[in-house]
Each structure stands twice: as C-alpha cells, then as structure tokens.
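Peer 1: In the working numbering, the protein residues as written are 1 to 362. All C-beta atoms in this analysis are idealised placements derived from N, C-alpha and C, irrespective of residue type, glycine included.
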Ligand SMILES: [Zn+2]
C-alpha cells in the first residue's frame with residue numbers, strides 16, 4: 001500500500017492512509033511482531049540434566065508404535081520419565097493406558113481418576129475408596145489430573161464430578177484415604193487470571209483470556225477466589241495427602257499469594273506445566289519465586305510430544321534469552337527466559353520427583 005508523506009511527521013494525503021491510521025487498523029488478534037533485536041537465540045537440544053516430566057497425557061491414544069516414537073523423542077531431548085495423567089478426553093480409559101504405557105515401566109507412570117458414579121448414594125465414599133484401591137493395585141502412581149475451573153471436577157470419567165469440589169462433604173474421607181494409600185493428587189485449579197477478568201481493553205492477557213474465558217455467571221460456578229479458597233482449605237484439612245497444583249496453581253500473577261499458600265501448606269507442591277507464556281512475561285519475578293521454592297516445584301509439560309515443545313521449555317528454564325515471541329502461547333507480549341542456576345534446575349528436573357518417590361515408597 002502506498003503511503004504519502006507530507007512534511008516530517010504528519011503524513012496524510014487524499015484517499016490514502018496515515019501510518020497511524022494503518023496501525024490503527026491492525027487488530028490485536030492479528031498482531032504477530034517479529035523481534036528485530038540482534039541478541040542470542042539459544043537452541044537447547046537436550047535438557048541439561050535428565051528430566052522427570054510430572055505432567056503429561058496420553059497423546060498417543062495408547063498406540064504402541066506412537067509410544068515407541070515418543071520414547072525416541074524423550075531420549076533425544078533428555079526426558080528420563082513421563083507421568084501420564086488420566087483424562088479420557090485426552091486419551092484412553094485408565095486400564096487401556098496402563099497396559100500400553102505399562103510396557104515401559106522405566107519410562108512412564110500412569111495416574112488414575114476418581115469415580116463419581118452415584119455420588120448421591122450412601123455408600124459412595126466406600127465405593128470411591130475401593131476404586132482407588134483397585135487403581136493402586138494395578139499400578140496407578142497418583143490421582144489426576146483433577147480439574148476444577150469453578151464447576152467441579154470435570155476431567156473424571158466415566159461420570160464427571162459436576163459441582164463436586166474439594167470441599168464437598170463426601171470428598172473428605174476420600175481425600176484422606178488418598179493420603180493413606182500414598183496416592184498424590186495432581187489438580188488443576190481455576191485457570192490463569194486473565195480468563196476471569198472482563199474481556200475488555202484493560203485485560204492484560206486479552207486474546208488468551210478470551211480463548212479460555214471462564215463464565216462464572218453460570219449457576220453454581222465458583223469464582224477464582226472461591227476455587228482457590230476451596231483448594232487451600234482441602235490442603236489444610238488433609239495434611240497427610242499430597243496435592244500438586246498444576247500450572248503454578250494458576251496463580252503466577254501473584255507470587256506473594258502463591259508463596260503464602262506454600263508456606264502454610266507443606267503438603268502442597270506445584271508443577272510448571274503449560275505456563276511458560278504466563279510466567280515468562282515476568283522472568284525475574286518468576287526466577288526469584290522458583291529459586292525460593294525450588295524444593296516444591298516439579299517440571300511438567302502438558303503439551304504434546306514434539307521435540308520442539310520440550311526444547312522451547314528448556315530454553316526458558318536454562319538460558320537468559322530475552323524478547324522472545326511465541327504465538328502458540330496466545331499472548332501478545334514478548335517473553336524472556338529465567339536463566340535458572342544448575343542447583344535449581346536439578347531440583348526441578350528430577351531431584352524433587354525422586355524425593356517424592358521416596359516419600360511415597362515408590
Ligand atoms: Zn494436564
């Protein structure tokens with residue numbers, strides 16, 4: 001498009017647009033800037049230390065050939081072991097997953113779900129506990145991924161736990177029993193904060209906020225603070241049960257608040273899965289937080305099986321690259337990496353997971 005320039009800084013000509021007018025026509029959803037800085041771009045082929053990925057899913061639909069391919073990618077990228085969360089909307093039923101991934105016990109662990117069928121029945125608690133006994137006897141590592149974005153545990157199968165939150169009276173003995181069995185609970189609470197903010201011109205994470213907007217006006221839906229309060233109360237009520245808050249507990253916008261939860265609840269851990277986009281907007285605050293709570297944080301991906309995906313995550317954890325655009329993260333801002341010290345990387349990559357194994361006698 002031709003642009004007429006009249007004078008030094010007030011371009012305007014008949015039937016033509018000023019630069020400001022052209023810029024004003026670009027929509028935020030189409031904004032895909034390319035970094036112009038001549039600064040390091042580091043390709044991390046393989047993680048610095050062998051990684052235990054504490055948050056992945058059955059992306060292969062339990063297909064043995066695809067699992068074999070995945071193992072090759074894990075080898076190429078330095079992933080020693082992958083924990084597969086149970087969630088049948090990404091993958092197969094628990095027993096099918098267990099059989100397929102169980103062929104590689106040194107490379108994969110499989111988690112299970114609660115069974116909410118007939119929760120209104122008087123004997124549900126006993127049945128739910130018996131189901132956990134069954135899953136554990138088959139080799140389940142833990143329970144998860146549970147998900148409560150406000151409407152209750154929505155990942156469970158065969159029956160969703162709609163409106164069943166961690167504070168449901170019938171959940172209490174089951175959560176306690178999970179601790180007794182040595183089954184940690186991996187749980188995704190709420191969503192990143194931008195998904196609860198109004199979708200307007202002040203929403204800092206507008207486009208991704210809109211993609212994943214949580215409509216808390218739905219009857220019976222908990223809002224962000226209610227979901228978090230519910231989590232903290234459960235963690236405090238069941239100190240012998242281990243809770244892993246997925247994705248920084250979806251609270252990386254407020255590290256002081258998140259740190260307070262970790263301080264108050266020694267049975268709460270976090271995973272870093274699928275939140276590079278959110279956490280790399282504030283790289284210095286994020287690295288300070290990860291360093292301070294380095295004993296309580298697990299590595300996780302939750303984002304497919306490609307080598308590029310793993311390498312992107314390693315780049316953010318290991319290097320000091322900055323001003324990185326990554327359209328797949330969904331936000332319009334530029335990201336910078338965390339440059340974590342080796343001591344911290346070792347804890348997150350595998351030492352904390354190994355400590356957890358020991359604690360749970362696994
Ligand atoms: Zn997940």
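Using CA atoms only, rank isn't needed, just tell me which of 88, 126, 122 is closest to residue 112.
Peer 2: Taking the first residue of the chain shown as 1, we reach residue 112 at position 112. The shortest C-alpha separation from residue 112 is found at 88.
Peer 1: Compare the beta carbon distance of residue 167 and residue 233 with 9 Å and say whether it is the shorter of the two.
Peer 2: Numbered from its first residue, the chain shown carries residue 167 at position 167. Numbered from its first residue, the chain shown carries residue 233 at position 233. Yes.
Peer 1: So, under 8 Å CB-CB, residue 270 and residue 296 are touching, yes? Tell me the CB distance rounded to an integer number of Å.
Peer 2: Numbered from its first residue, the chain shown carries residue 270 at position 270. Numbered from its first residue, the chain shown carries residue 296 at position 296. Contact flag correct, Cβ pair sits at about 6 Å.
Peer 1: Give the DSSP bridge partners of residue 245, in chain order.
Peer 2: Reading the chain shown from its first residue, position 245 is the one you call residue 245. Per DSSP, 187, 270.
Peer 1: Between which residues of its own chain and residue 294 is the CB-CB distance below 6 Å, once the five residues before and five after are set aside?
Peer 2: Position 294 of the chain shown, counting from 1, holds the residue named residue 294. These residues qualify, in order along the chain: 344, 347.
Peer 1: Quickly, what does DSSP pair residue 365 with across the bridge? List them, please.
Peer 2: Lying before the first or after the last residue shown, residue 365 is absent from the chain, which here runs from 1 to 362.
Peer 1: Got a sec? Which residues, its chain only, sit under 6 Å from residue 360 by beta carbon, not counting five neighbours each side?
Peer 2: Within the chain shown, residue 360 is the residue found at index 360, counting from 1. Same-chain partners within the cutoff: 182.
Peer 1: Within 8 Å, do at least three Cβ pairs link the region 321 to 330 to the region 86 to 101?
Peer 2: Contact fails: fewer than three Cβ-Cβ distances are below 8 Å.
Peer 1: Tell me where the alpha helix (DSSP H) around residue 78 begins and ends.
Peer 2: For this step, residue 78 is matched to residue 78 along the chain shown. Note, residue 78: premise wrong, no alpha helix (DSSP H); not H, not E.
Peer 1: Span of the beta strand (DSSP E) holding residue 51?
Peer 2: Indexing the chain shown from 1 puts residue 51 at position 51. Unbroken beta strand (DSSP E) run through residue 51: 51 to 57.
Peer 1: Considering only heavy atoms of ligand 1, does any lie closer than 8 Å to the CB of residue 238?
Peer 2: Locating residue 238 in the chain shown gives position 238, counting from the first residue. Not so, every heavy atom of ligand 1 lies at least 8 Å from the Cβ.
Peer 1: Just to confirm the assignment, what range does the alpha helix (DSSP H) spanning residue 109 have?
Peer 2: Position 109 of the chain shown, counting from 1, holds the residue named residue 109. Element bounds for residue 109: not the alpha helix (DSSP H) but the beta strand (DSSP E), 108 to 110.
Peer 1: Buried or exposed: which applies to residue 109, given that a residue is buried once 16 or more other Cβ atoms fall within 10 Å of its Cβ?
Peer 2: Along the chain shown, one-based indexing puts residue 109 at 109. When all chains shown are included, residue 109 counts as buried.
Peer 1: When the Cα atoms are used, what is the spatial distance from residue 333 to residue 131?
Peer 2: Looking up residue 333 in the chain shown gives position 333. Looking up residue 131 in the chain shown gives position 131. The straight-line gap from Cα to Cα measures roughly 45 Å.
Peer 1: Just to confirm the assignment, what range does the alpha helix (DSSP H) spanning residue 122 have?
Peer 2: Residue numbering aside, residue 122 sits at position 122 when the chain shown is read from its first letter. Counting along the chain, residue 122 falls outside any alpha helix (DSSP H), and DSSP gives it neither H nor E.
Peer 1: Under a three-way DSSP split, which group does residue 282 fall into?
Peer 2: As a position in the chain shown, residue 282 is number 282, starting the count at 1. Three-state DSSP puts residue 282 in coil, outside helix and strand.
Peer 1: With 9 Å as the threshold, decide whether the Cβ of residue 78 is near any Cβ in chain D.
Peer 2: Here chain D cannot be found, since the structure has a single protein chain.
Peer 1: Starting from residue 147, follow the beta strand (DSSP E) in both directions and report where the run begins and ends.
Peer 2: As a first step, residue 147 must be located in the chain shown, where it is residue number 147. That run of the beta strand (DSSP E) goes 143 to 148.
Peer 1: For residue 287 and residue 248, which I take to be in contact (beta-carbon distance under 8 Å), what is that distance rounded to the nearest angstrom?
Peer 2: Indexing the chain shown from 1 puts residue 287 at position 287. Indexing the chain shown from 1 puts residue 248 at position 248. Contact flag wrong, Cβ pair sits at about 13 Å.
Peer 1: Less than 8 Å between the CB atoms is what I'm expecting for residue 277 and residue 224, so what's the real figure, rounded?
Peer 2: Working through the chain shown from its first residue, we reach residue 277 at position 277. Working through the chain shown from its first residue, we reach residue 224 at position 224. Going by Cβ atoms, the distance from residue 277 to residue 224 rounds to 18 Å, so no, they are not a contact pair.
Peer 1: Could you check how far apart the C-beta atoms of residue 146 and residue 155 are, in whole angstroms? I think they sit under 8 Å.
Peer 2: Within the chain shown, numbered from 1, the residue matching residue 146 stands at position 146. Within the chain shown, numbered from 1, the residue matching residue 155 stands at position 155. So it is a contact: roughly 6 Å between Cβ atoms.
Peer 1: Which value, in whole angstroms, describes the spacing of the CA atoms of residue 358 and residue 169?
Peer 2: Your numbering for residue 358 matches position 358 in the chain shown. Your numbering for residue 169 matches position 169 in the chain shown. Taking the straight line joining both Cα atoms gives about 31 Å.
Peer 1: Is residue 309 near ligand 1, in the sense that its beta carbon is under 8 Å from a heavy atom of that ligand?
Peer 2: The residue labelled residue 309 in the question sits at position 309 within the chain shown. Incorrect: residue 309 has no Cβ contact closer than 8 Å to ligand 1.
Peer 1: Could you give the distance in angstroms between the alpha-carbon of residue 260 and the alpha-carbon of residue 65?
Peer 2: The residue you call residue 260 lines up with position 260 of the chain shown. The residue you call residue 65 lines up with position 65 of the chain shown. If I take the Cα positions, the gap works out to 45 Å.
Peer 1: Do you know how far the Cα of residue 16 is from the Cα of residue 252?
Peer 2: Taking the first residue of the chain shown as position 1, residue 252 is located at position 252. Taking the first residue of the chain shown as position 1, residue 16 is located at position 16. Roughly 45 Å separates the two Cα atoms.
Peer 1: In the DSSP output, what is residue 85 paired with across the bridge?
Peer 2: Here residue 85 refers to the residue found at position 85 of the chain shown. Answer is 57, bridged to residue 85.
Peer 1: CB-CB under 6 Å to residue 242, same chain, minus the five flanking residues each way: which ones, in chain order?
Peer 2: If you number the chain shown from 1, residue 242 lands on position 242. Here the set comprises 184, 267.
Peer 1: Please determine whether the Cβ atom of residue 85 lies at a distance below 8 Å from any heavy atom of ligand 1.
Peer 2: Locating residue 85 in the chain shown gives position 85, where the first residue counts as 1. Yes; taking the cut-off as 8 Å, the Cβ of residue 85 has a heavy atom of ligand 1 nearer than that.
Peer 1: So residue 372 is in the alpha helix (DSSP H); what residue range does that whole segment cover?
Peer 2: Residue 372 lies beyond the stretch modelled for the chain, which goes from 1 to 362, so this question has no answer here.
Peer 1: Return helix, strand or coil for residue 94, following the three-state DSSP convention.
Peer 2: Position 94 of the chain shown holds residue 94. Residue 94 falls in the helix class under three-state DSSP.
Peer 1: If you draw a straight line from the C-alpha of residue 315 to the C-alpha of residue 321, how long is it?
Peer 2: As a position in the chain shown, residue 315 is number 315, starting the count at 1. As a position in the chain shown, residue 321 is number 321, starting the count at 1. Each residue's Cα considered, the two are about 8 Å apart.
Peer 1: Going by C-alpha to C-alpha distance, which of 204, 187, 313, 186 sits closest to residue 193?
Peer 2: Translated into positions along the chain shown, residue 193 becomes position 193. Closest by alpha carbon: 204.
Peer 1: Do you know offhand how far residue 174's Cα is from residue 26's?
Peer 2: Position 174 of the chain shown, counted from the start, is the residue given in the question as residue 174. Position 26 of the chain shown, counted from the start, is the residue given in the question as residue 26. Computed Cα separation, rounded: 52 Å.
Peer 1: Suppose contacts are defined by Cβ-Cβ distances below 9 Å. Is residue 304 in contact with residue 273 by that definition?
Peer 2: Indexing the chain shown from 1 puts residue 304 at position 304. Indexing the chain shown from 1 puts residue 273 at position 273. Contact flag unset, no.
Peer 1: Answer yes or no: the CB of residue 302 versus the heavy atoms of ligand 1, is any distance below 8 Å?
Peer 2: Within the chain shown, the letter at position 302 stands for residue 302. Because some heavy atom of ligand 1 lies under 8 Å away, the Cβ of residue 302 counts as near it: yes.
Peer 1: Compute every distance between the C-beta of residue 190 and the non-hydrogen atoms of ligand 1, then say whether any falls below 8 Å.
Peer 2: Working through the chain shown from its first residue, we reach residue 190 at position 190. No, the beta carbon of residue 190 sits no closer than 8 Å to any heavy atom of ligand 1.
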